[in-house]
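To start, the structure itself, in structure tokens.
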Amino acid sequence: MRNDERYEIQRAFDLLPHVIGASWASVEFRMKGIKKPTREEFREKTLEYLKMAEPIFESYPDDEEFDAIRKYIDFRKKEEYKKIVSGLNKEIEKRYDRYVDYG
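In the numbering used here, the protein residues as written are 2 to 104.
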């Protein structure tokens, strides 16, 4: 698969973890009055909300011409999940720091 064929999916996975996951996690902690969740709690909640988008990740038809993009989406999804849980997604870590600093 060429890079230009997966560009939009790459961009989506660059943004979705913090735009959906961390944003929704922050709001939930704020609404519950939890000012200082642990990093692990924040990561887990971020992942929980990001996983709610999985129907979109699985939305392309099960047709042969979509095989490559579906495999790439599955690969990127797993990579992003690992990065969130392990603390390697710098944007999520930045969002956590901002939340505990400003709640």
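Ideal Cβ positions, reconstructed from N, Cα and C, are used throughout, including at glycine.
Given the structure is predicted, the values throughout are model-derived calculations rather than measurements.
Asked                                                                : Found
For E81, the nearest candidate out of V101, I10, N4 (CA to CA)       : I10
Sub-8 Å separation of Y54 and L17 beta-carbons                       : The identity of residue 54 in the sequence shown is Ala, whereas the question assumes Tyr. Yes; because the gap between Cβ atoms is below 8 Å, this pair is in contact.
As assigned by DSSP and simplified to three states, the class of I93 : helix
Euclidean distance between Cα positions of T47 and A13               : 16 Å
Alpha-carbon spacing of F58 relative to Y100, whole angstroms        : 28 Å
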